[in-house]
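*Asks:* One structure, as structure tokens, below. Some questions next.
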Amino acid sequence: MCSVFLTTGLALHAACRCCTFLQAQPFSVLGSTGSIGTQTLDIIAEHPDKFSLEALSAGSNVELLAQQVRQFKPKLVAIRDASKVQQLQELIKDVSPQPEILIGDEGAVEVARHPDIEAVVTGIVGCAGLLPTVAAIKAGKDICLANKETLIAGGPFVLPLAQQHNVRILPADSEHSAIFQVMQGLPEGGLRRIILTASGGAFRDWPVEKLSEVTVEQAITHPNWSMGKKITIDSATLMNKGLEVIEAHYLYGVDYDNIEIVIHPQSIVHSMIETADSSVLAQLGWPDMRLPIMYTMSWPERVNTSEVTWPRLDFSKASSLTFKQPDHAKYPSMNVAYAAGRAGGTMTGVLSAANEQSVQMFIDHQIGYLDIMKLNEACCDAHQKELVALPNLEEIVHYDQWARRWVKEAVEGGKFKPRVAVQAATAAA
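Numbering of the sequence shown is given in the numbering used here, commencing with residue 827 and proceeding in unit increments.
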């Protein structure tokens, strides 16, 4: 083990995995059939001398999971949907050696803390990723963090736990990876400000007045990035950036007054920091989630990549780089997220869970696009009287479930009236 330690921030503080790639580093992947998971497996497949896959978990996409088992031959496979186990067994019956198959949340926990791995890539969306991440930390496994809820909901519990077990948490999303990269070598006290860049999402060029007309199909189409439905909608509302503000506070120990959001439509500058002497450092690259994922897996090393599969940044093709302040009328999520962050405790997890539920109800055509943030804010308001400043794990999980129920019951029980009528033709689409 190397004796390098990170001194800036709260989460990035444990010793590095190794200083050279003497052998392939063993990983497990949570959420292997999702966007983060499939890109992680692409990286492992392209660099088998650097990385190996020992265990993986998935939800219900049994066909893709079976393909992954056949390709990577992991020792352990977990599938959340128990009804798909027999189908999975049939699809991989000729694979040798046969992997152990587990089901449900318990299966994901075992994948996360598999004895043969050194680190786990957490690609499960939502609070479902929190419990296996906690299990991995307790087992001393490093965390390649692609699950925002681990810190947004669990920060007050997870960070002390990571310190206790000497586990490092490395960010696998583009913005926090950018910040982490430009902070390398920064002395203690050298960070003044974090500047998170945002593409502005699908409706960055729309007037506010037109947002009431937004359809699900429009909201799940991102102008720059290839991502899942939920995160693409979060990009449109800018809630993803609001949640990243909270995550940045936990990752780097920076006060909310010193974390800013700026719209950068080209998605070339992935985020910036301002140092104590007013210098601004940025990380640039084409919008490609594989790079931040791979950096968490290889840090502190850099992996040589093919120019065919990893195109190099050409500034003549990038053309102009523009920046502007976000419109608070178009993106009310910013004020809600900053307020939740400053409230702290269970409030940030409530916001994240409420947003996950309201986005799903929008996808299911139960509410309109503008209702998402109204529901999130109303749920946070309702939680104020029950806020727990220093929650334990059980309280974090409890209020995650509470927020989801609150949003669901507010809509289905008639307490919250959608501002946009859901048309039958839209629902059938």
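The C-beta atom is built at its ideal place from N, Cα and C for all residues, glycine as well.
What you are looking at is a predicted structure, and each value in this text was computed from that prediction instead of being measured.
For residue 919, name the three-state secondary structure that DSSP assigns.
*Replies:* The answer is coil: DSSP assigns residue 919 none of H, G, I, E or B.
*Asks:* Express the C-alpha separation of residue 917 and residue 901 in angstroms, rounding to a whole number.
*Replies:* Taking the straight line joining both Cα atoms gives about 16 Å.
*Asks:* Here's a check: name, in chain order, each residue in its chain whose Cβ is nearer than 6 Å to the Cβ of residue 1241, leaving out the five neighbours to either side.
*Replies:* none
*Asks:* So, with DSSP's three-state summary, where would you put residue 1237?
*Replies:* helix
*Asks:* Taking Cβ to Cβ, would you say residue 1192 is nearer than 7 Å to residue 1233?
*Replies:* no
*Asks:* Beta-carbon within less than 7 Å of residue 1137's beta-carbon, same chain only, minus the 5 sequence neighbours each way: which residues are those?
*Replies:* 1112
*Asks:* How many Å lie between residue 1212 and residue 875 at the Cα?
*Replies:* 51 Å
*Asks:* Is there contact here, the stretch 943-958 with the stretch 910-926, by at least three beta-carbon pairs under 8 Å?
*Replies:* In the pairwise beta carbon analysis, the stretch 943-958 is classified as not touching the stretch 910-926: fewer than three pairs are separated by under 8 Å.
*Asks:* Have a look at residue 1164 and residue 1219 and give me their C-alpha separation to the nearest angstrom.
*Replies:* 23 Å
*Asks:* Reducing DSSP to helix, strand and coil, say where residue 927 ends up.
*Replies:* Of the three classes helix, strand and coil, the one that applies to residue 927 here is strand, per DSSP.
*Asks:* To which residues does DSSP link residue 1023 through a beta bridge?
*Replies:* 1088
*Asks:* Assuming contact is defined by CB atoms lying nearer than 7 Å, are residue 1072 and residue 1167 in contact in what I supplied?
*Replies:* yes
*Asks:* Please go through the stretch 1072-1116 and give each complete beta strand (DSSP E) segment of 3 or more residues, from N-terminal end onward.
*Replies:* 1085-1089, 1095-1101 and 1106-1110
*Asks:* So, at 7 Å on beta carbons, what are the nonlocal neighbours of residue 1116 in its own chain, with the 5 sequence-adjacent residues on each side left out?
*Replies:* 865, 868 and 869
*Asks:* Where does residue 948 sit, in a helix, a strand or coil, going by DSSP?
*Replies:* Of the three classes helix, strand and coil, the one that applies to residue 948 here is strand, per DSSP.
*Asks:* Check whether the stretch 1171-1179 and the stretch 1224-1231 touch, using three or more Cβ-Cβ pairs below 8 Å as the test.
*Replies:* Verdict: yes, contact present.
*Asks:* How many angstroms separate the CA atom of residue 855 from the CA atom of residue 1123?
*Replies:* 11 Å
*Asks:* Return the CA-CA distance between residue 1003 and residue 1121, expressed in angstroms with no decimal places.
*Replies:* Rounded to whole angstroms, residue 1003 to residue 1121 spans 8 Å at the Cα level.
*Asks:* Report, in whole angstroms, the separation of the C-beta atoms of residue 1062 and residue 1028, which I expect to be a contact under 8 Å.
*Replies:* 5 Å
*Asks:* Please say whether residue 929 and residue 905 have beta carbons closer to each other than 7 Å?
*Replies:* yes
*Asks:* Around the C-beta of residue 1238, are 16 or more other C-beta atoms found within 10 angstroms, so that it is buried, or is it exposed?
*Replies:* exposed
*Asks:* Nearest to residue 1047 by alpha carbon, out of 1202, 1038, 1101 and 1030?
*Replies:* Closest by alpha carbon: 1030.
*Asks:* Exposed or buried, which one is residue 1060 when buried takes at least 16 other CB atoms within 10 Å?
*Replies:* buried
*Asks:* According to DSSP, which residues form a beta bridge with residue 853?
*Replies:* BP columns for residue 853 point to 879 and 945.
*Asks:* What number of angstroms, rounded off, separates the C-alpha of residue 1070 from the C-alpha of residue 1199?
*Replies:* 16 Å
*Asks:* Taking the straight line between their C-alpha atoms, what separation do you get for residue 1005 and residue 1020?
*Replies:* 8 Å
*Asks:* Mark residue 1141 as exposed unless 16 or more other C-beta atoms lie within 10 angstroms of its C-beta, in which case mark it buried.
*Replies:* exposed
*Asks:* Please state whether DSSP places residue 998 in a helix, a strand or coil.
*Replies:* coil
*Asks:* Buried or exposed: residue 896, going by 16 or more other Cβ atoms within 10 Å of its Cβ?
*Replies:* exposed
*Asks:* In or out: residue 1202 buried (at least 16 other Cβ within 10 Å) or exposed?
*Replies:* buried
*Asks:* Can you check whether the CB of residue 1001 is closer than 7 Å to the CB of residue 1096?
*Replies:* yes
*Asks:* Three-state secondary structure (DSSP) at residue 1255?
*Replies:* No answer about residue 1255 holds up, because its pLDDT of 41 lies below 50 and its placement is not dependable.
*Asks:* For residue 981, which residues from the same chain have a beta carbon less than 6 Å from its beta carbon, with the 5 sequence-adjacent residues on both sides left out?
*Replies:* 1076
*Asks:* Considering only residues of the stretch 1034-1073, which uninterrupted alpha helix (DSSP H) runs meet the minimum length of 4 residues and lie entirely inside it, listed in chain order?
*Replies:* 1042-1045 and 1055-1063
*Asks:* Look at the alpha carbon of residue 873 and the alpha carbon of residue 1152, and state the distance between them as a whole number of angstroms.
*Replies:* 39 Å
*Asks:* In terms of residue numbering, what span does the alpha helix (DSSP H) encompassing residue 956 cover?
*Replies:* 956-964
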